[in-house]
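Engineer:
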Amino acid sequence: MSTIDQAAPAADLTKRVPGHVIYRRVLAERTSYALAAAGMAVGPQLDDSAWSYLASGGIGLGTLAWLYAKTKDPEQGLGVLTRAQRAIPFLSAAGTYVANLITPGFNWWEVVAPAAWASLMGWMAPLTRSAGLVLELSEHQAQHGAGPGELTYTEFLAAKWQQATGDGTRLVSVTPYRADRPDFEAVVVAQAGKAVPTFTEVQLAAAFDFPVGTVKIRPVQGSGPGRMRLVARPTSEDVEAVAEGIQGLWETAVCAPGKAAPGVELLDYRAEPHRIVLLVASPPGREIHLPHTAICSAFGIDDPSRLVIETDGIRQGVVSIYKTNPLMKVRKATVEDLTMDFKGRITIGVCHDGKPARMRLWDPGQGALRGITAGVTGAGKSVLQNLILAAEKRSGVVSWVGDVQGGMSLPEAEGRVDWFAKGPVETLLMLTAAHAVMKYRERISNEMGRGDFALGKPWPLINITLDEINRLLSHPDEAMRKATAYLIADIQKTGRKVGIGIRLAVQSLHLKDLGDDDAIRQQGKVGALFLMRTASSSTKEMGLDGIAPAGFQMENIPARIYQNGQIEALFSGADDEDGESTAGMAYMFLDGRAKFMRTFFAEKVDGVYPDLIALYGDEPANGLTEGEAKAAQAGAAIYGVRHTNPYADCDTLAQAFAGTDDSAPAASTPAPGDDGDSDGGEPAAPFSGPFGDIPFGLANDPGEEPGLQDQILDLLADGPMSLKDLREALPGFQPSSVSNACSQLKAKGLAKTLKRGVWQRADS
Numbered sequence: 015m016s017t018i019d020q021a022a023p024a025a026d027l028t029k030r031v032p033g034h035v036i037y038r039r040v041l042a043e044r045t046s047y048a049l050a051a052a053g054m055a056v057g058p059q060l061d062d063s064a065w066s067y068l069a070s071g072g073i074g075l076g077t078l079a080w081l082y083a084k085t086k087d088p089e090q091g092l093g094v095l096t097r098a099q100r101a102i103p104f105l106s107a108a109g110t111y112v113a114n115l116i117t118p119g120f121n122w123w124e125v126v127a128p129a130a131w132a133s134l135m136g137w138m139a140p141l142t143r144s145a146g147l148v149l150e151l152s153e154h155q156a157q158h159g160a161g162p163g164e165l166t167y168t169e170f171l172a173a174k175w176q177q178a179t180g181d182g183t184r185l186v187s188v189t190p191y192r193a194d195r196p197d198f199e200a201v202v203v204a205q206a207g208k209a210v211p212t213f214t215e216v217q218l219a220a221a222f223d224f225p226v227g228t229v230k231i232r233p234v235q236g237s238g239p240g241r242m243r244l245v246a247r248p249t250s251e252d253v254e255a256v257a258e259g260i261q262g263l264w265e266t267a268v269c270a271p272g273k274a275a276p277g278v279e280l281l282d283y284r285a286e287p288h289r290i291v292l293l294v295a296s297p298p299g300r301e302i303h304l305p306h307t308a309i310c311s312a313f314g315i316d317d318p319s320r321l322v323i324e325t326d327g328i329r330q331g332v333v334s335i336y337k338t339n340p341l342m343k344v345r346k347a348t349v350e351d352l353t354m355d356f357k358g359r360i361t362i363g364v365c366h367d368g369k370p371a372r373m374r375l376w377d378p379g380q381g382a383l384r385g386i387t388a389g390v391t392g393a394g395k396s397v398l399q400n401l402i403l404a405a406e407k408r409s410g411v412v413s414w415v416g417d418v419q420g421g422m423s424l425p426e427a428e429g430r431v432d433w434f435a436k437g438p439v440e441t442l443l444m445l446t447a448a449h450a451v452m453k454y455r456e457r458i459s460n461e462m463g464r465g466d467f468a469l470g471k472p473w474p475l476i477n478i479t480l481d482e483i484n485r486l487l488s489h490p491d492e493a494m495r496k497a498t499a500y501l502i503a504d505i506q507k508t509g510r511k512v513g514i515g516i517r518l519a520v521q522s523l524h525l526k527d528l529g530d531d532d533a534i535r536q537q538g539k540v541g542a543l544f545l546m547r548t549a550s551s552s553t554k555e556m557g558l559d560g561i562a563p564a565g566f567q568m569e570n571i572p573a574r575i576y577q578n579g580q581i582e583a584l585f586s587g588a589d590d591e592d593g594e595s596t597a598g599m600a601y602m603f604l605d606g607r608a609k610f611m612r613t614f615f616a617e618k619v620d621g622v623y624p625d626l627i628a629l630y631g632d633e634p635a636n637g638l639t640e641g642e643a644k645a646a647q648a649g650a651a652i653y654g655v656r657h658t659n660p661y662a663d664c665d666t667l668a669q670a671f672a673g674t675d676d677s678a679p680a681a682s683t684p685a686p687g688d689d690g691d692s693d694g695g696e697p698a699a700p701f702s703g704p705f706g707d708i709p710f711g712l713a714n715d716p717g718e719e720p721g722l723q724d725q726i727l728d729l730l731a732d733g734p735m736s737l738k739d740l741r742e743a744l745p746g747f748q749p750s751s752v753s754n755a756c757s758q759l760k761a762k763g764l765a766k767t768l769k770r771g772v773w774q775r776a777d778s
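Counting from 1 along the sequence shown, just add 14 to a position and that's the residue number in the numbering used here.
Printed below as a string of structure tokens:
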């Protein structure tokens with residue numbers, strides 16, 4: 015029995031109200047019973063019992079006096095029952111309370127009795143029942159001889175339609191949108207062999223006594239004219255009507271000549287409660303192009319995050335238009351979200367369409383993965399990195415973290431991962447150890463005849479996270495800068511097959527933020543790329559060329575969003591702090607698709623995220639096997655004392671590589687408290703050690719194409735050339751190989767960039 019049916023009495027009542035009024039009355043009545051029950055259980059235990067006796071006795075005697083006065087007239091008939099019904103909760107409550115009062119001490123039933131009373135009264139709802147609130151048409155009931163309480167709301171609507179039209183059509187499949195509102199959807203069925211008549215908006219509204227324009231007739235997909243869909247929205251927005259309006263806007267303001275996206279046709283649309291989805295396509299033979307800003311302007315959208323564009327990279331696309339930003343509120347992460355499944359995936363947030371945002375910690379078919387996260391300060395990089403690191407710990411992955419900002423970027427990870435390197439020097443040592451472990455795994459794999467990595471057989475997956483790595487890739491010490499670039503590029507290139515992945519976190523994808531090393535950017539973009547709020551709004555400037563789907567356009571994510579839009583907030587004088595922060599919102603580029611998503615919510619307290627710390631768990635961090643640990647110790651002597659050497663300096667770096675190159679000069683001693691990371695100008699203590707010549711095999715890089723570097727130098731002998739021209743002049747090589755070879759020539763000091771994408775010989 016529904017709440018509406020419960021509230022319909024069996025007496026001759028005439029007061030008709032909408033369903034949501036009855037719903038609220040019943041809800042208020044039940045709430046009052048719950049509160050009264052709590053008082054009935056607590057009151058008798060208090061010391062001031064005299065007032066309790068007076069109050070309870072007064073309520074009981076007063077109700078009896080009222081009931082007697084209202085029912086002493088014998089001519090009232092059924093009115094006597096109505097009055098008695100209204101007196102039930104007061105008399106029964108007073109009796110229960112007095113019984114609790116006169117019983118000495120505390121007994122278990124003194125709590126059970128009020129609870130049972132509240133449950134019974136809530137189920138009966140006697141006050142609402144006796145108020146005469148019904149939904150049925152009394153005229154119709156009188157004509158058909160039906161009792162007022164025999165019709166449900168759906169039956170009432172069907173009866174109202176039949177009474178108003180009288181044309182033989184029937185209203186079937188009536189479905190209310192919400193229990194507390196009169197909005198509904200139904201199907202109008204005509205007599206066999208006939209079509210549903212054409213009704214005006216006035217006729218449709220009059221049938222249900224709804225405002226004009228809120229009831230519409232639409233076709234039923236897959237059915238003929240004998241069945242039509244009726245949509246009634248008197249109290250809420252008709253999303254389909256809005257969708258029809260957007261369809262008209264698309265034809266006039268988007269796809270018309272000279273407009274936002276000329277020639278891009280609207281194929282179909284789908285209306286949802288909070289979203290309208292448009293399926294569009296460019297003309298055959300033309301690549302799809304959907305400019306985000308121009309389409310926002312055409313639809314009058316001032317919050318660019320309310321418009322999400324996705325394309326197949328060829329000629330079709332899906333445009334999602336939201337009533338409000340779909341990612342305003344996101345829940346917190348759970349352990350289940352961060353537990354890797356058999357495909358290597360974890361859930362790190364929610365996509366704009368409500369689907370889980372998943373990424374891979376590794377790919378069973380490809381091995382370890384690489385990736386880049388780009389975003390300015392406050393964009394949410396730290397939360398994303400912590401979610402991934404907590405998931406790695408939960409999933410048996412060995413996590414190495416290089417926090418070049420001295421441990422300030424990811425303090426939650428310290429002590430919860432196998433290696434947490436602070437500052438540029440210790441991060442470089444960690445990269446050296448990782449490179450040594452990679453070479454160890456390569457050698458053992460060759461001896462075993464293995465070609466690919468298998469999880470846990472015999473080694474665990476190692477993922478390296480480098481936060482604020484731009485500080486090291488652009489370090490003023492050239493030797494450190496060159497060593498870092500080589501180590502990252504080589505691990506990116508060859509670590510995949512031996513289970514060593516690497517992720518970079520930077521302020522942006524500009525080459526200057528990656529040490530002007532295009533090879534590192536291109537390799538990182540092959541994996542998972544997260545583009546958060548940046549300082550650039552052009553996909554070309556963001557470095558998304560080659561990874562963003564063809565036709566993909568986006569606006570930079572704003573710092574804050576507002577419920578009614580930014581312009582309305584400015585016009586009304588709303589404070590900047592009144593908006594919702596967009597931290598965690600990002601475009602996630604995976605498998606050639608761009609997904610608009612937001613990471614799970616985490617609250618910062620005293621500079622850290624307690625929720626994320628809890629997700630790491632209390633178990634020890636996952637570590638290397640014995641053979642790998644020895645290889646890491648040989649590659650960088652600091653590995654064995656990584657937990658007791660919280661901040662390495664240049665002296666430590668020199669000692670770690672003292673045995674690498676006996677002829678290398680020692681490091682100059684840094685000033686006290688200096689880690690070798692200078693913000694500008696010349697470094698306080700430049701490091702000149704074995705890194706000067708990169709003793710890791712750069713000259714014999716296994717990934718180098720034979721003869722390619724010599725051919726590039728020959729081409730550059732005639733003058734500077736763009737990377738595009740170099741690729742066209744060397745058709746026998748892959749474009750990525752040409753890019754890598756240019757970077758290797760630069761690392762050797764044989765070539766340099768004249769400007770972005772233009773190379774020349776270093777001696778010219």
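Cβ coordinates follow ideal geometry from the N, Cα and C atoms, glycine included.
In chain order, what residues of the same chain lie with their CB nearer than 6 Å to the CB of E324, ignoring the 5 residues before and after it?
Structural biologist: Once the five neighbours on either side are set aside, the close Cβ partners of E324 are V332.
Engineer: What's the C-alpha gap between M135 and A69?
Structural biologist: If I take the Cα positions, the gap works out to 20 Å.
Engineer: My output table needs one value for L341: the three-state DSSP class, helix, strand or coil.
Structural biologist: L341: coil per DSSP, three-state reduction.
Engineer: Tell whether a beta-carbon distance below 7 Å holds between A450 and A646.
Structural biologist: Yes.
Engineer: For the alpha helix (DSSP H) that contains S396, what are its first and last residues?
Structural biologist: It spans 395 to 408 - the alpha helix (DSSP H) in which S396 sits, taken as one unbroken run.
Engineer: When DSSP labels each residue in this structure, what does N636 get in the three-state scheme?
Structural biologist: N636: coil per DSSP, three-state reduction.
Engineer: Measuring CA to CA, which of T228, P239, A761, I260 is closest to V245?
Structural biologist: Selected option, being the one with the closest Cα: T228.
Engineer: Starting from the Cα of L604, find the closest Cα among M342, F213, I386 and give me that residue.
Structural biologist: Nearest of M342, F213, I386 to L604, Cα basis: I386.
Engineer: Report yes or no: do the stretch 228 to 238 and the stretch 259 to 278 share at least 3 C-beta pairs separated by less than 8 Å?
Structural biologist: As far as the Cβ criterion goes, the stretch 228 to 238 does not touch the stretch 259 to 278, which means the pair count is below three.
Engineer: Quick one: what's got a C-beta closer than 6 Å to G420's C-beta in the same chain, skipping five residues either side?
Structural biologist: Within the same chain, G420 has close Cβ partners K436, G437.
Engineer: Would you identify the three-state DSSP class for L469, choosing helix, strand or coil?
Structural biologist: Three-state result, L469: coil.
Engineer: How big is the Cα-Cα spacing for F313 and I260?
Structural biologist: Each residue's alpha carbon lies about 7 Å from the other.
Engineer: Determine, for A519, whether the minimum Cβ-Cβ distance to residues of chain B falls below 7 Å.
Structural biologist: You won't find chain B in this structure, because it holds only one protein chain.
Engineer: Short of 8 Å in beta carbon distance, which residues of its chain neighbour N633, apart from the five on each side in sequence? Order them along the chain.
Structural biologist: The question names Asn, but residue 633 is Glu in the sequence shown. Excluding residues within five positions, the ones whose Cβ falls inside 8 Å are K407.
Engineer: Please work out which residues of its chain come closer than 8 Å, Cβ to Cβ, to R372, disregarding the five sequence neighbours upstream and downstream, and give them in chain order.
Structural biologist: Hits under 8 Å: R359, I360, T361, I362.
Engineer: So, for S106: in the same chain, excluding its five sequence neighbours on each side, which residues have a beta-carbon less than 7 Å away from its beta-carbon?
Structural biologist: Excluding residues within five positions, the ones whose Cβ falls inside 7 Å are W131.
Engineer: Contact check, Y653 vs A447 under 8 Å by CB: the rounded distance?
Structural biologist: Correct: roughly 5 Å between the Cβ atoms.
Engineer: Using only the alpha-carbon positions, how far apart do V439 and K496 sit?
Structural biologist: The straight-line gap from Cα to Cα measures roughly 13 Å.
Engineer: Which runs of the beta strand (DSSP E) at least 3 residues long sit entirely within the stretch 286 to 362? Give them in chain order.
Structural biologist: Runs of the beta strand (DSSP E) inside the stretch 286 to 362: 289 to 295, 321 to 325, 330 to 336.
Engineer: Please indicate yes or no: does the CB of A209 lie closer than 6 Å to some heavy atom of the ligand FAD?
Structural biologist: The model depicted lacks the ligand FAD and carries no ligand whatsoever.
Engineer: Ordered along the chain, which non-local residues of its own chain (more than five positions away) have a Cβ less than 7 Å from that of G631?
Structural biologist: The answer, listed in chain order, is K407, R408.
Engineer: Using only alpha-carbon positions, find the residue among A761, V278, V126 that is nearest to I309.
Structural biologist: If we check each option's Cα against that of I309, V278 comes out closest.
Engineer: Just how far apart, CA to CA, sit A21 and A98?
Structural biologist: Residue confidence is low: A21 scores 39 on pLDDT, short of 50, so the model does not pin down where it sits. Its coordinate-derived value is still stated next. The straight-line gap from Cα to Cα measures roughly 16 Å.
Engineer: Using the C-alpha atoms, what's the distance from A221 back to T179?
Structural biologist: Rounded to the nearest angstrom, the two C-alpha atoms are 7 Å apart.
Engineer: Residues in its own chain within less than 8 Å of R485 by CB, not counting five upstream and five downstream?
Structural biologist: Hits under 8 Å: V418, Q419, P438, D691.
Engineer: Using a threshold of 7 Å, state whether the C-beta atoms of G515 and N477 are closer than that.
Structural biologist: Yes. Within cutoff.
Engineer: Locate the beta strand (DSSP E) running through L729, then write down its first and last residues.
Structural biologist: It is not in any beta strand (DSSP E) - L729 instead sits in the alpha helix (DSSP H) that spans 722 to 730.
Engineer: With DSSP as the reference, please indicate the residues paired to I516 in a beta bridge.
Structural biologist: Bridge partners of I516: R384, I478.
Engineer: From which residue to which residue does the beta strand (DSSP E) around L218 run?
Structural biologist: Unbroken run through L218 is the alpha helix (DSSP H), 215 to 222; no beta strand (DSSP E).
Engineer: How should Y10 be labelled, buried or exposed, when 16 other C-beta atoms within 10 angstroms of its C-beta is the threshold for buried?
Structural biologist: The first residue shown for the chain is 15 and the last is 778, placing residue 10 beyond what the model contains.
Engineer: Under 7 Å, do L475 and W376 count as touching if we go by C-beta distance?
Structural biologist: Yes; because the gap between Cβ atoms is below 7 Å, this pair is in contact.
Engineer: Just the C-alpha distance for R775 and L722, rounded to the nearest angstrom, thanks.
Structural biologist: Taking the straight line from one Cα to the other gives about 15 Å.
Engineer: Between which two residues does the alpha helix (DSSP H) harbouring I502 extend?
Structural biologist: 492 to 508 is the span of the alpha helix (DSSP H), which, as asked, contains I502.
Engineer: Quick one: residues in its chain with C-beta nearer than 6 Å to the C-beta of R44, no 5 flanking neighbours on either side, listed in chain order?
Structural biologist: Excluding positions up to five away in sequence, the list reads G136.
Engineer: Ends of the beta strand (DSSP E) at Y601?
Structural biologist: Here the beta strand (DSSP E) through Y601 covers 599 to 604.
Engineer: What distance in whole Å lies between the Cβ atoms of D432 and A635, which are believed to be in contact at a cut-off of 8 Å?
Structural biologist: Confirmed, Cβ separation roughly 5 Å.
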